[in-house]
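Peer 1: There's a structure below that I have some questions on.
In the working numbering, the protein residues as written are 2 to 382.
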């Protein structure tokens, strides 16, 4: 009897090893090198131009991608200290600031918090050439003293950014200005899930919830992943065309995502009234809407599905027609910010080069500078 039990455990153990090995093999076979943030594509343009920083920046980017658990937000980067990428103990990326030679008695400068996903964080850019850093530089060049903080994180949808702001406010860290530069991750997450209103990869978390408490569920999940991987592999060689997820029309997905986005903006506006900060919102551009694309940018479009392209284009059209967004005091649609540029700007379908970051930072700095100057002119003597 005991020998039968021992044999049974041995078979079970061997089966689990085979499942793990097959799962790993399928991940490797099915991986096409296109991670969620497409780091290689983003840096390809810089490598082609033989910028001496591109290769080490790419290495540092991969080395700095280790995430840790963050309450309410799911994930956040660990501290990292490289030549081009520095991340503090608080998980936030270094942002350029002028050398502090002023006296300690100088009046406090306005604090600006910038929120968003990897485009805000600065994937594909050096520390001093992210959108928040370039915003700080441009404000400094205009003789407007501010301190800019980069709260961007790869993969964050707009709701996660709003939560990040709320956590700062709860702790008493209240800024003078908040900037949200986002939109793409919300559309991508909606495409991924088939509906709007969830973070990216939320389906994985739903499957993994309380998983360790049930061996049956654990084994079931492994088997599901194996069969899903086999199905994906078969579809690549035209043996299968199955897709269990119902297809939602791009316009419907875009509309749902914009409803969630607009609701978030209304929440932030309410918070701004209570806490006394000013909020600015920017819908980010994509390569799909660029009027004068280069051959390289055309190739980036070809890498994306027609459904993805249509969803982004539908979102742009719906934003132009949105009355709630038009009524927002500081909302700007940057969809066409690169229309007059025939030069290469995009490094993948959503991330732009350091030159592109400067264009976006300039659009933001004009708005913030004008608002700050109006505030100073209206201040009592």
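Here a beta-carbon is modelled for each residue, glycine too, at the ideal position from N, C-alpha and C.
Keep in mind it's a predicted model, so treat the numbers as computed, not measured.
1) Looking at residue 254: is its Cβ nearer than 8 Å to the Cβ of residue 312?
2) Quick one: give me the first and last residue of the alpha helix (DSSP H) that residue 150 is part of.
3) Considering Cα atoms alone, identify which of 206, 198 and 127 is closest to residue 94.
4) If you run the structure through DSSP and keep just helix, strand and coil, what is residue 143?
5) My output table needs one value for residue 75: the three-state DSSP class, helix, strand or coil.
6) So, using beta-carbon positions, are residue 181 and residue 116 closer together than 8 Å?
7) Have a look at the DSSP bridge pairing and note the partners of residue 112.
8) Run through DSSP, which three-state label would residue 123 get?
9) Can you name the residues that DSSP bridges to residue 69?
10) If residue 118 and residue 153 are in contact, beta carbons under 8 Å, what's the gap, nearest whole angstrom?
11) Measuring only the C-alpha atoms, how far is residue 326 from residue 53?
12) Which one of 76, 142 and 330 has the shortest CA to CA distance from residue 202?
13) Between the alpha carbons of residue 274 and residue 304, how many angstroms are there, rounded?
14) Taking the alpha carbon of residue 363 as the reference point, which residue from 338, 344 and 345 has its own alpha carbon closest?
15) Alpha carbon to alpha carbon, how far is residue 120 from residue 295? Give it in angstroms, no decimals.
16) Do you know how far the Cα of residue 196 is from the Cα of residue 248?
17) Please report the distance separating the alpha-carbon of residue 252 from that of residue 109.
18) Whole angstroms are fine: how far does the CA of residue 124 sit from the CA of residue 324?
19) Should residue 332 and residue 178 be called a contact, given that it needs their Cβ atoms to be closer than 8 Å?
20) Looking only at DSSP bridge pairs, what is residue 283 linked to?
21) Buried or exposed: residue 276, going by 16 or more other Cβ atoms within 10 Å of its Cβ?
22) Exposed or buried, what is residue 156 when buried is set at 16 or more other beta-carbons lying within 10 Å of its beta-carbon?
23) In three-state terms, what does DSSP make of residue 86?
24) With residue 269 and residue 280 assumed to form a contact (beta carbons below 8 Å), what rounded beta-carbon distance in angstroms separates them?
25) List the endpoints of the continuous alpha helix (DSSP H) containing residue 162.
26) Is the closest heavy atom of the ligand FAD to the C-beta of residue 281 under 7 Å?
27) Should residue 365 be labelled buried (16 or more other beta-carbon atoms within 10 Å of its own) or exposed?
28) Checking 8 Å against the spacing of the C-beta atoms, do residue 161 and residue 74 come in under that value?
29) Counting only the same chain and skipping the five closest in sequence on each side, list residues whose C-beta sits under 7 Å from that of residue 65.
30) Does DSSP put residue 313 in a helix, in a strand, or in coil?
31) Considering only their Cβ atoms, is the gap separating residue 319 from residue 290 smaller than 8 Å?
32) With a threshold of 7 Å on Cβ separation, who are the neighbours of residue 256 within its own chain once the five nearest residues in sequence on each side are excluded?
33) Measure the alpha-carbon distance for residue 169 versus residue 163 and round it to whole angstroms.
34) DSSP state of residue 342, grouped into three classes?
35) Residue 70: buried (16+ other C-beta within 10 angstroms of its C-beta) or exposed?
36) Three-state secondary structure (DSSP) at residue 305?
Peer 2: Looking at the coordinates:
1) By one-based count along the chain shown, residue 254 stands at place 253. By one-based count along the chain shown, residue 312 stands at place 311. Contact flag set, yes.
2) Reading the chain shown from its first residue, position 149 is the one you call residue 150. Careful: residue 150 lies outside any alpha helix (DSSP H), inside the beta strand (DSSP E) at 148-151.
3) Mapped onto the chain shown, residue 94 falls at position 93. For the residues 206, 198 and 127, the minimum Cα distance to residue 94 belongs to 127.
4) The count along the chain shown starts at 1 and reaches residue 143 at position 142. Here residue 143 sits in coil by DSSP.
5) Numbered from its first residue, the chain shown carries residue 75 at position 74. Strand, per DSSP.
6) For this step, residue 181 is matched to residue 180 along the chain shown. For this step, residue 116 is matched to residue 115 along the chain shown. Yes, Cβ-Cβ distance for residue 181 and residue 116 is below 8 Å.
7) On the chain shown, position 111 is the one that residue 112 refers to. Note: residue 112 sits in a beta bridge opposite 148.
8) Here residue 123 refers to the residue found at position 122 when the chain shown is read from its first residue. Residue state, collapsed to three classes: coil.
9) Looking up residue 69 in the chain shown gives position 68. Assignment of beta-bridge partners to residue 69 by DSSP yields 77.
10) Translated into the one-based positions of the chain shown, residue 118 becomes position 117. Translated into the one-based positions of the chain shown, residue 153 becomes position 152. Their Cβ separation, rounded to whole angstroms, is 6 Å, which keeps residue 118 and residue 153 in contact under 8 Å.
11) The residue labelled residue 326 in the question sits at position 325 within the chain shown. The residue labelled residue 53 in the question sits at position 52 within the chain shown. So the alpha carbons of these two residues sit roughly 42 Å apart.
12) Against the chain shown, residue 202 aligns to sequence position 201. Minimum Cα distance to residue 202 is reached at 76.
13) The residue given as residue 274 occupies position 273 in the chain shown. The residue given as residue 304 occupies position 303 in the chain shown. Cα to Cα, residue 274 sits roughly 43 Å from residue 304.
14) Residue mapping note: residue 363 aligns to position 362 of the chain shown, counting from 1. Checked all of 338, 344 and 345; the closest Cα to residue 363 is 338.
15) Walking along the chain shown from the start, residue 295 turns up at place 294. Walking along the chain shown from the start, residue 120 turns up at place 119. Near 21 Å, if we compare the C-alpha coordinates of residue 120 and residue 295.
16) Against the chain shown, residue 248 aligns to sequence position 247. Against the chain shown, residue 196 aligns to sequence position 195. Computed Cα separation, rounded: 10 Å.
17) Residue mapping note: residue 252 aligns to position 251 of the chain shown, counting from 1. Residue mapping note: residue 109 aligns to position 108 of the chain shown, counting from 1. Their backbone Cα atoms lie some 46 Å apart in a straight line.
18) Indexing the chain shown from 1 puts residue 324 at position 323. Indexing the chain shown from 1 puts residue 124 at position 123. Going by the C-alpha atoms only, they are around 33 Å apart.
19) Residue numbering aside, residue 332 sits at position 331 when the chain shown is read from its first letter. Residue numbering aside, residue 178 sits at position 177 when the chain shown is read from its first letter. With contacts defined by Cβ atoms closer than 8 Å, residue 332 and residue 178 do not form a contacting pair.
20) Within the chain shown, the letter at position 282 stands for residue 283. In DSSP, residue 283 forms a bridge with 182 and 333.
21) As a first step, residue 276 is located in the chain shown; it is residue number 275 there, counting from the start. Burial call: exposed.
22) Counting from 1 along the chain shown, the entry for residue 156 is found at position 155. That one is buried.
23) Working through the chain shown from its first residue, we reach residue 86 at position 85. Residue state, collapsed to three classes: coil.
24) Counted from its first residue, the chain shown places residue 269 at position 268. Counted from its first residue, the chain shown places residue 280 at position 279. In this structure residue 269 touches residue 280 by the C-beta definition: roughly 5 Å separates them, less than 8 Å.
25) The residue you call residue 162 lines up with position 161 of the chain shown. Per DSSP, residue 162 belongs to the alpha helix (DSSP H) from 159-171.
26) Here there are no bound small molecules, and the ligand FAD is not part of this structure.
27) Taking the first residue of the chain shown as position 1, residue 365 is located at position 364. Residue 365 is buried by the Cβ-count criterion.
28) As a first step, residue 161 is located in the chain shown; it is residue number 160 there, counting from the start. As a first step, residue 74 is located in the chain shown; it is residue number 73 there, counting from the start. Cβ atoms of residue 161 and residue 74: closer than 8 Å.
29) Along the chain shown, read from residue 1 onward, the residue named residue 65 stands at position 64. So the list reads 78, 81, 83, 86 and 88, once near-sequence residues are dropped.
30) What you label residue 313 is simply residue 312 of the chain shown in a count that begins at 1. It is helical.
31) By 1-based counting over the chain shown, the position of residue 290 is 289. By 1-based counting over the chain shown, the position of residue 319 is 318. Against a cut-off of 8 Å, the Cβ pair of residue 319 and residue 290 comes out as no contact.
32) By one-based count along the chain shown, residue 256 stands at place 255. The answer, listed in chain order, is 319.
33) Taking the chain shown and counting its residues from 1, one reaches residue 169 at position 168. Taking the chain shown and counting its residues from 1, one reaches residue 163 at position 162. Straight-line Cα distance between these residues: approximately 10 Å.
34) As a position in the chain shown, residue 342 is number 341, starting the count at 1. Residue 342: coil per DSSP, three-state reduction.
35) Position 69 of the chain shown, counted from the first residue, corresponds to residue 70. Label assigned to residue 70: exposed.
36) As a working mapping, residue 305 is identified with position 304 in the chain shown. It is coil, neither helix nor strand.
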